[in-house]
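There are 2 protein chains.
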Amino acid sequence: MRNPLLAPDLREIVADRDEACLREFFRDHHPADAAELLDDLEADEVFFVLQLMSGRERAAIFDYLDEPLQEGVAERMDDHDLAALVTYMSHDERAGLMTRLPQERSDRIYPLLARAEREDIRRLQSYAEGTTGAVMTSDYATVPADETAAAAIERLRHEAPDRETIYYCYVVDDNRRLKGFVSLKNLILAPPYRRVSEVMKTDFVRAYVDDDAESTAKKLAEYDLLAIPVCDRDDHLVGIVTHDDVIDLIVEEATEDVHRLGGVGPLEHAYLETPFVTLWLNRAVWLSVLFVAGFLTTWALKNFEDDFERIPALVLFIPLIISAGGNCGSQSATLITRALALGELTPKDWLRVLGHEILMGTSLGLALGFVGFLRALLTSSDGTAGASWSMFALTIGLAVSVVVVCGNLVGAMMPLILKRLGFDPALMSNPAVSSLVDVTGIVTYFAIAQAILL
Amino acid sequence: MRNPLLAPDLREIVADRDEACLREFFRDHHPADAAELLDDLEADEVFFVLQLMSGRERAAIFDYLDEPLQEGVAERMDDHDLAALVTYMSHDERAGLMTRLPQERSDRIYPLLARAEREDIRRLQSYAEGTTGAVMTSDYATVPADETAAAAIERLRHEAPDRETIYYCYVVDDNRRLKGFVSLKNLILAPPYRRVSEVMKTDFVRAYVDDDAESTAKKLAEYDLLAIPVCDRDDHLVGIVTHDDVIDLIVEEATEDVHRLGGVGPLEHAYLETPFVTLWLNRAVWLSVLFVAGFLTTWALKNFEDDFERIPALVLFIPLIISAGGNCGSQSATLITRALALGELTPKDWLRVLGHEILMGTSLGLALGFVGFLRALLTSSDGTAGASWSMFALTIGLAVSVVVVCGNLVGAMMPLILKRLGFDPALMSNPAVSSLVDVTGIVTYFAIAQAILL
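In order, the protein sequences belong to chains A and B.
Just so we're on the same page, the working numbering is the position in the first sequence counted from 1, plus 13.
Just so we're on the same page, the working numbering is the position in the second sequence counted from 1, plus 13.
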């Protein structure tokens with residue numbers, strides 16, 4: 014989506030301090046486009062450009078800037094400008110920004126904000142990461158139950174510029190308890206004199222501040238909603254989560270799952286924006302865990318040292334056999350983990366999954382084992398210590414089959430077990446499945462070889 | 014989200030043919046909830062329940078049913094009922110259903126539909142899978158440019174029940190060329206006598222029927238839109254893609270990427286709903302490709318048979334060394350593949366990625382190599398053919414470091430190369446990275462061993 018060609022032009026215009034041209038340049042751009050162009054500039058340049066705009070325009074573009082750039086620009090603004098910017102920003106974005114500012118800076122900004130804004134930011138900041146409260150916005154519209162549809166529309170018209178959406182609005186009682194929901198569509202369809210209480214829905218989907226943000230996102234997606242109201246545990250309306258935030262959440266969640274499956278812990282920023290040391294630590298932790306677990310393969314092989322000294326040909330097939338098991342396990346782990354993430358499966362389905370995967374693993378194992386048998390027949394080696402070459406090939410074929418069946422089951426069952434124990438099933442990454450299967454694969458392979466060849 | 018507890022109750026009520034109770038049961042449910050409850054029943058039972066409802070209600074619930082169930086229920090309906098259902102269904106869903114019906118059935122249904130509906134379905138069916146045309150709906154609202162804001166709102170009020178959304182509407186000329194866009198919010202904010210042409214935007218985001226559906230989804234997400242208009246190449250408005258379809262697209266796309274990375278080809282249905290043979294073939298193809306590629310490891314080891322016959326201790330560390338490289342490669346492949354999918358990187362960034370990953374791989378490799386060196390020091394084996402044990406440990410440490418650096422680079426560069434060549438970068442699955450690294454790892458390991466120990 015980036016348009017890197019435009020960045021140098023823009024940079025030149027900024028360098029020339031050509032204010033008229035810059036105003037012209039940004040007048041017709043959607044704030045998202047403007048932010049995308051600005052994302053390629055330095056904080057100094059962006060600061061200069063934003064200074065030329067009105068408060069509202071500036072905040073609309075600022076909302077869309079990358080986080081590090083937001084921080085760089087905020088650093089260059091004086092306290093009063095920053096306070097004005099915070100006032101105009103969208104409620105969820107500004108709570109995030111205030112959290113990321115250095116403590117002593119935010120301490121100076123808070124007193125400059127209106128009391129309502131200050132309390133709003135504090136409240137949004139108070140919810141734990143990953144909860145619905147932490148992703149909601151407090152920019153929602155409410156209408157009184159006893160107002161007429163026409164009066165309610167008139168009210169929305171006045172509030173429109175300050176609300177995240179006016180297409181959905183909510184009805185609360187005197188204690189701000191959520192009582193009803195009415196869409197602008199239903200208000201428009203209703204006869205003008207009809208009261209809100211007569212057209213509002215009282216049975217509708219809601220979320221709670223301490224609900225997992227991901228499950229709230231799924232709810233919104235399932236019911237095809239534009240927004241979902243968020244209540245505290247006493248049913249007071251405290252915010253809404255909108256469809257655009259849900260899209261962001263779903264993308265983030267998918268990224269986290271992909272990373273976990275690949276053996277990388279969740280990252281907060283984009284690949285190129287993550288500091289080297291953060292990324293190094295993240296990767297090193299997982300690699301080390303897997304590496305130390307891999308010591309088991311050395312230990313396992315040590316126990317069979319006599320066997321492969323006697324029949325060196327056995328060594329030739331070690332990587333082939335253990336990687337066949339690992340690959341099959343990666344496949345089943347991926348399928349089950351994704352099905353769990355999508356809600357297609359729950360740990361209660363374990364018996365069904367077990368049956369399915371025993372059948373699947375066996376049929377895949379037989380197929381691969383047969384190919385392995387043929388491959389071994391076509392090799393020749395002197396190192397079979399007198400055992401016939403066809404018996405050796407049979408050993409390989411059988412070992413491939415059994416290791417594939419086991420690998421497949423390990424990959425399928427581990428995510429279910431992790432989920433049941435309350436962990437993220439994606440912790441059972443593909444590399445972790447491979448490591449686990451490597452050890453069992455070696456033991457299985459040599460046990461079969463001992464039985465047939467020795 | 015499933016509520017399996019309710020299914021048996023519902024099944025009993027259906028078995029009792031208790032029509033009053035069923036009507037009561039479904040009256041207050043959102044169609045999405047109703048469909049979720051029905052998804053656990055057999056097609057016969059669902060058919061019976063849907064027969065009790067009015068045409069519109071029936072279609073609203075049917076839209077949300079799982080595809081196999083939709084087909085089962087359609088099979089049980091007579092032609093006239095099915096034609097009525099198709100007329101009421103949402104435009105994108107019904108085009109999908111008509112495509113999935115057996116040819117001779119759809120041939121009987123088409124003549125029963127109004128000409129406009131028939132043409133609409135044919136048009137939506139004509140777009141290739143994966144394009145924006147194939148996911149759009151033709152249920153959009155238009156307003157004339159010379160109408161006043163008040164008249165336009167009045168028009169939307171009349172059209173509301175038949176349109177996917179009335180919150181966004183579009184202005185077309187006499188040839189249906191897309192000229193403008195106006196949101197209901199802007200219509201409401203405008204003075205009632207102001208003309209649509211004065212309040213509409215003429216510079217706004219649009220997509221084209223043959224655009225990749227995924228890129229259209231990204232566009233909608235980037236601009237936080239409720240819907241995006243879709244034009245043919247002559248700028249005639251032919252449909253819209255709505256925010257709820259975009260969420261589905263993003264989830265599907267993420268599932269495809271996750272599956273590919275795990276070495277599974279894209280699946281059309283959910284894990285438990287995919288026929289066994291389809292899933293078997295899908296998995297067997299990838300496993301076989303990787304298995305045959307794995308023959309290279311046997312061939313590579315065969316070349317070093319003399320070496321490990323002389324120094325059997327070398328064998329002990331084969332799995333540990335090659336899996337360290339594979340794991341590191343899986344990590345970098347995952348990071349780069351996901352960054353490409355999110356648009357954070359393009360193949361043009363290859364030099365930057367190369368520099369980053371050389372540094373990253375080296376620092377990870379040195380750390381793991383040091384741990385490997387210590388581990389090897391602590392082992393003891395007689396099979397070193399006279400070489401000193403510390404030289405042996407040095408061999409292991411060095412081999413781990415070099416293999417990790419190489420594995421990391423293979424994992425990072427392959428997705429960029431695949432993308433550059435026009436393939437899906439996720440084709441470089443974690444198992445494929447491991448297989449590739451296995452071979453290079455074995456060769457590297459024994460080359461280092463020969464240099465130091467022999």
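All C-beta atoms in this analysis are idealised placements derived from N, C-alpha and C, irrespective of residue type, glycine included.
Nothing here was measured: the structure is a model prediction, and the numbers come from that model.
Residue i - DSSP class collapsed to helix/strand/coil
i, result
"R207 of chain B", "coil"
"V243 of chain A", "strand"
"Y458 of chain A", "helix"
"V218 of chain A", "coil"
"Y236 of chain A", "coil"
"D94 of chain B", "helix"
"L35 of chain A", "helix"
"D225 of chain B", "strand"
"S196 of chain A", "strand"
"V156 of chain A", "coil"
"L54 of chain A", "coil"
"R190 of chain B", "strand"
"D79 of chain A", "coil"
"H369 of chain A", "helix"
"R40 of chain A", "helix"
"L23 of chain A", "helix"
"D46 of chain B", "helix"
"M66 of chain B", "coil"
CB contact flag (residue i, residue j, <9 Å)
i, j, result
"R170 of chain B", "H249 of chain B", "no"
"L411 of chain B", "S403 of chain B", "no"
"F75 of chain B", "L65 of chain B", "no"
"I241 of chain A", "I331 of chain A", "no"
"G342 of chain B", "N340 of chain A", "no"
"A108 of chain B", "L78 of chain B", "no"
"V195 of chain A", "Y183 of chain A", "yes"
"A313 of chain B", "A226 of chain B", "no"
"L467 of chain B", "A297 of chain A", "no"
"H272 of chain B", "E80 of chain B", "no"
"L348 of chain A", "L429 of chain A", "no"
"M441 of chain B", "L431 of chain B", "yes"
"C244 of chain B", "V209 of chain B", "no"
Neighbour-count burial assignment, residue i, 16 or more Cβ in a 10 Å radius
i, result
"N16 of chain B", "Unreliable positioning characterises N16 of chain B in this predicted model, as indicated by a pLDDT of 45, which lies under 50. The coordinate reading is nonetheless provided below. Exposed, since its Cβ has fewer than 16 Cβ neighbours within 10 Å."
"L18 of chain B", "Caution is warranted here: a pLDDT of 47 is assigned to L18 of chain B, below 50, making its placement in the model unreliable, and no coordinate value can be reported."
"S336 of chain A", "buried"
"P124 of chain A", "exposed"
"G385 of chain B", "buried"
"Q463 of chain B", "exposed"
"A127 of chain A", "exposed"
"S447 of chain A", "buried"
"M14 of chain B", "Summary for M14 of chain B: the model assigns pLDDT 38, below 50, so the residue's position carries little reliability; its value from the coordinates is reported in the next sentence. That one is exposed."
"A72 of chain B", "buried"
"R129 of chain B", "First, the amino acid is wrong: residue 129 of chain B is Ala here, not Arg. Counting Cβ neighbours within 10 Å, A129 of chain B comes out exposed, since fewer than 16 surround it."
"V86 of chain A", "buried"
"A460 of chain B", "exposed"
"A28 of chain B", "exposed"
"P438 of chain B", "buried"
"G457 of chain A", "According to the sequence displayed, residue 457 of chain A carries Thr and not Gly. Under this definition T457 of chain A is a buried residue."
"S67 of chain B", "exposed"
"H43 of chain A", "buried"
"H93 of chain A", "exposed"
"S151 of chain A", "buried"
Check your understanding: Taking only runs of the alpha helix (DSSP H) that begin and end inside the region 305-358 of chain B, which ones reach a length of at least 4 residues, in chain order?
Key -> 318-323, 326-329 and 331-354
**Study point:** Cβ-based contacts, 8 Å cut-off: residues of the region 54-78 of chain A near chain B
**Key:** none
Review point. Going along the chain, which unbroken runs of the alpha helix (DSSP H) with 4 or more residues stay wholly within the region 375-449 of chain B?
Key: 402-433
Check your understanding: Which parts of the region 246-307 of chain A are runs of the alpha helix (DSSP H), unbroken and 4 residues or longer, counting only runs that do not cross its ends?
Key -> Whole alpha helix (DSSP H) segments, 4+ residues: 256-274.
Exercise for review: With 7 Å as the limit, tell me which residues of the region 414-429 of chain B have their beta carbon closer than that to any beta carbon of chain A; keep them in chain order.
Suggested key: none
Practice item. Identify each residue in the region 381-395 of chain A for which the Cβ-Cβ distance to at least one residue of chain B is less than 8 Å, and report them in chain order. Key: L381, V384, G385, R388, T392 and S394
Practice item. At 4 residues or longer, and completely inside the region 116-188 of chain A: list those alpha helix (DSSP H) runs for me, N to C. Key: 116-122, 128-138, 145-148 and 162-172
**Study point:** Contact list for the region 141-162 of chain B against chain A, Cβ threshold 7 Å
**Key:** none
Point to revise | Residues in the region 99-131 of chain B having any Cβ partner in chain A nearer than 8 Å | key: none
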